[in-house]
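Student:
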Amino acid sequence: MVPTKLSYFGVFDYKEKPELASIVSSPNNNSGKFRLHILGLAYAKTNLDYMLDGYSQKVYKMCQMMMDLGHEVYHYGAEGSSPPCTENIQVITDAEQKRVYGDFDWHKYYWRYSAGDEAHKIFNKNAIREINLRKQPRDMLLISNGVAQKAVADGVSDVVAIESGIGYTGVFAKYK
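Residue numbers for the sequence shown follow this note's numbering, beginning at 57 and rising by one.
As C-alpha coordinates, then:
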(Lines of atoms letter the chains of each structure in order from A and count residues from 1; the text may use other names and numbers.)
(Lines give C-alpha, C1' and ligand atoms only; values in the text may rest on other atoms or scores of the structure.)
Protein backbone atom coordinates (compact mmCIF):
# COMPACT_ATOMS: atom_id res chain seq x y z
CA MET A 1 0.00 0.00 0.00
CA VAL A 2 1.29 3.49 -0.90
CA PRO A 3 1.37 5.89 2.07
CA THR A 4 -1.28 8.63 2.01
CA LYS A 5 1.37 11.32 2.19
CA LEU A 6 2.44 10.39 -1.36
CA SER A 7 -1.02 10.68 -2.88
CA TYR A 8 -0.18 13.97 -4.62
CA PHE A 9 3.29 12.91 -5.72
CA GLY A 10 2.37 12.58 -9.40
CA VAL A 11 0.96 16.09 -9.49
CA PHE A 12 4.18 17.65 -8.18
CA ASP A 13 6.74 15.33 -9.75
CA TYR A 14 7.66 17.39 -12.79
CA LYS A 15 9.57 14.49 -14.32
CA GLU A 16 6.15 12.92 -14.94
CA LYS A 17 4.56 16.23 -16.04
CA PRO A 18 6.84 17.76 -18.69
CA GLU A 19 4.42 20.63 -19.39
CA LEU A 20 4.68 21.66 -15.72
CA ALA A 21 8.46 21.26 -15.80
CA SER A 22 8.75 23.91 -18.50
CA ILE A 23 6.89 26.35 -16.26
CA VAL A 24 8.45 25.77 -12.85
CA SER A 25 11.92 24.36 -13.42
CA SER A 26 14.88 26.67 -13.79
CA PRO A 27 18.66 26.31 -14.13
CA ASN A 28 18.97 27.14 -10.43
CA ASN A 29 16.56 24.40 -9.39
CA ASN A 30 17.64 21.01 -10.64
CA SER A 31 16.81 19.29 -7.37
CA GLY A 32 13.24 18.40 -8.33
CA LYS A 33 11.99 20.27 -5.26
CA PHE A 34 9.50 23.11 -5.40
CA ARG A 35 8.81 26.31 -3.48
CA LEU A 36 5.11 26.30 -2.64
CA HIS A 37 3.02 29.18 -1.29
CA ILE A 38 -0.09 27.52 0.16
CA LEU A 39 -3.11 29.64 1.08
CA GLY A 40 -5.18 28.71 4.11
CA LEU A 41 -8.68 30.10 4.64
CA ALA A 42 -9.78 33.58 5.73
CA TYR A 43 -12.41 32.14 8.08
CA ALA A 44 -10.65 29.10 9.55
CA LYS A 45 -7.42 28.05 11.21
CA THR A 46 -5.20 25.45 9.58
CA ASN A 47 -4.48 22.95 12.35
CA LEU A 48 -5.50 19.45 13.41
CA ASP A 49 -7.82 20.69 16.17
CA TYR A 50 -9.91 22.92 13.93
CA MET A 51 -12.36 20.53 12.31
CA LEU A 52 -14.82 23.11 10.98
CA ASP A 53 -14.68 21.95 7.39
CA GLY A 54 -12.77 19.73 5.03
CA TYR A 55 -10.97 22.60 3.35
CA SER A 56 -8.92 23.57 6.40
CA GLN A 57 -7.92 19.92 6.81
CA LYS A 58 -7.15 19.64 3.10
CA VAL A 59 -4.74 22.59 3.39
CA TYR A 60 -3.12 21.04 6.47
CA LYS A 61 -2.64 17.69 4.71
CA MET A 62 -1.28 19.35 1.56
CA CYS A 63 1.34 21.14 3.68
CA GLN A 64 2.19 17.84 5.40
CA MET A 65 2.49 15.90 2.14
CA MET A 66 4.64 18.50 0.45
CA MET A 67 6.96 18.80 3.47
CA ASP A 68 7.25 15.00 3.60
CA LEU A 69 8.33 15.08 -0.05
CA GLY A 70 11.04 17.62 0.77
CA HIS A 71 9.48 20.69 -0.84
CA GLU A 72 9.78 24.20 0.61
CA VAL A 73 6.33 25.15 1.96
CA TYR A 74 5.11 28.62 2.95
CA HIS A 75 1.65 28.62 4.55
CA TYR A 76 -0.41 31.82 4.70
CA GLY A 77 -3.30 31.61 7.13
CA ALA A 78 -5.22 32.64 10.19
CA GLU A 79 -3.79 33.24 13.64
CA GLY A 80 -3.58 29.91 15.46
CA SER A 81 -2.69 27.93 12.33
CA SER A 82 0.07 25.37 12.79
CA PRO A 83 0.54 23.25 9.68
CA PRO A 84 3.84 21.50 8.99
CA CYS A 85 5.71 24.03 6.84
CA THR A 86 8.96 25.85 6.23
CA GLU A 87 7.32 29.07 7.44
CA ASN A 88 3.82 29.79 8.79
CA ILE A 89 2.78 33.35 7.95
CA GLN A 90 -0.21 34.87 9.74
CA VAL A 91 -2.30 37.02 7.39
CA ILE A 92 -5.45 37.48 9.51
CA THR A 93 -5.81 37.76 13.29
CA ASP A 94 -8.39 36.31 15.66
CA ALA A 95 -9.52 39.88 16.41
CA GLU A 96 -10.08 40.60 12.71
CA GLN A 97 -12.07 37.39 12.29
CA LYS A 98 -14.13 38.19 15.39
CA ARG A 99 -14.86 41.70 14.11
CA VAL A 100 -16.23 40.24 10.85
CA TYR A 101 -17.89 37.04 12.08
CA GLY A 102 -18.66 37.88 15.71
CA ASP A 103 -18.48 35.34 18.51
CA PHE A 104 -18.80 32.07 16.70
CA ASP A 105 -18.73 28.54 18.06
CA TRP A 106 -17.54 26.36 15.20
CA HIS A 107 -18.44 23.28 17.25
CA LYS A 108 -22.14 24.12 16.84
CA TYR A 109 -22.52 25.97 13.54
CA TYR A 110 -20.99 26.15 10.10
CA TRP A 111 -19.49 29.47 9.02
CA ARG A 112 -21.65 32.03 7.32
CA TYR A 113 -19.17 33.90 5.18
CA SER A 114 -18.94 35.53 1.79
CA ALA A 115 -15.94 35.49 -0.53
CA GLY A 116 -16.15 39.29 -0.65
CA ASP A 117 -16.42 39.94 3.09
CA GLU A 118 -13.94 42.05 5.06
CA ALA A 119 -12.08 38.99 6.39
CA HIS A 120 -11.33 37.80 2.85
CA LYS A 121 -10.19 41.30 1.84
CA ILE A 122 -7.82 41.44 4.83
CA PHE A 123 -6.55 37.89 4.22
CA ASN A 124 -5.97 38.48 0.50
CA LYS A 125 -4.28 41.90 0.93
CA ASN A 126 -1.90 40.58 3.58
CA ALA A 127 -1.21 37.35 1.65
CA ILE A 128 -0.28 39.35 -1.45
CA ARG A 129 2.14 41.49 0.54
CA GLU A 130 3.74 38.51 2.33
CA ILE A 131 4.04 36.33 -0.79
CA ASN A 132 5.63 39.19 -2.72
CA LEU A 133 8.25 39.47 0.04
CA ARG A 134 9.16 35.76 -0.23
CA LYS A 135 8.49 34.67 -3.80
CA GLN A 136 11.02 33.68 -6.38
CA PRO A 137 10.35 33.28 -10.10
CA ARG A 138 8.52 30.05 -10.92
CA ASP A 139 7.33 29.38 -7.39
CA MET A 140 3.89 27.81 -7.14
CA LEU A 141 0.86 29.42 -5.49
CA LEU A 142 -1.59 26.79 -4.23
CA ILE A 143 -5.09 28.21 -3.97
CA SER A 144 -7.51 26.47 -1.62
CA ASN A 145 -10.69 28.52 -2.03
CA GLY A 146 -11.22 29.40 -5.70
CA VAL A 147 -12.45 32.87 -6.64
CA ALA A 148 -12.35 33.92 -2.97
CA GLN A 149 -8.55 33.93 -3.41
CA LYS A 150 -8.34 35.05 -7.05
CA ALA A 151 -7.18 38.50 -5.88
CA VAL A 152 -4.06 36.84 -4.47
CA ALA A 153 -3.27 35.15 -7.79
CA ASP A 154 -3.85 38.47 -9.58
CA GLY A 155 -1.66 40.36 -7.08
CA VAL A 156 1.37 38.09 -7.29
CA SER A 157 3.38 37.78 -10.50
CA ASP A 158 6.10 35.32 -11.51
CA VAL A 159 4.39 32.39 -9.79
CA VAL A 160 2.28 29.56 -11.17
CA ALA A 161 -1.25 29.67 -9.71
CA ILE A 162 -2.72 26.21 -9.10
CA GLU A 163 -6.05 25.31 -7.52
CA SER A 164 -4.80 22.44 -5.43
CA GLY A 165 -8.12 20.81 -4.60
CA ILE A 166 -11.31 21.42 -6.53
CA GLY A 167 -14.58 20.76 -4.74
CA TYR A 168 -16.19 24.17 -4.81
CA THR A 169 -17.80 26.49 -7.32
CA GLY A 170 -15.86 29.46 -8.63
CA VAL A 171 -12.89 27.71 -10.24
CA PHE A 172 -10.64 30.09 -12.20
CA ALA A 173 -7.01 28.93 -12.40
CA LYS A 174 -5.49 27.43 -15.54
CA TYR A 175 -3.85 24.66 -13.49
CA LYS A 176 -5.86 22.44 -11.14
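Even for Gly, the Cβ is constructed at its ideal location relative to N, Cα and C. In this text, all values refer to a predicted model and were calculated from it rather than measured experimentally.
1. Would you kindly check if the distance between the Cβ of Gln153 and the Cβ of Tyr99 is under 8 Å?
2. Go through its chain and collect everything with a Cβ distance to Lys101's Cβ below 6 Å, but skip five positions before and after it.
3. What do you get for Ser112, buried or exposed, if any count of 16 or more other CB atoms within 10 angstroms of its CB means buried?
4. According to DSSP, is Asp195 helix, strand or coil?
5. Take Glu128 and list the residues in its own chain whose beta-carbon comes closer than 6 Å to its own, dropping the five residues that flank it on each side.
6. Are the CB atoms of His93 and Tyr132 within a distance shorter than 8 Å?
7. Roughly how many angstroms separate the alpha carbons of Ile187 and Ile148, rounded to a whole number?
8. Pick helix, strand or coil for Asn103, following the three-state DSSP scheme.
9. DSSP three-state label for Val212, please.
10. Quick check: Val212 and Leu197, are their CB atoms within less than 8 Å of each other?
11. Apply the 10 Å Cβ neighbour rule to Ser220 and answer buried if 16 or more other Cβ atoms are within range, or exposed otherwise.
12. Just list the alpha helix (DSSP H) runs in the region 117-201, keeping only unbroken ones of 4 residues or longer that don't cross its boundaries, in chain order.
Tutor: If we stick to the structure as given:
1. yes
2. Ala134, Gly136 and Ser137
3. buried
4. strand
5. Arg91 and Thr142
6. yes
7. 14 Å
8. coil
9. coil
10. yes
11. buried
12. 150-157 and 174-190
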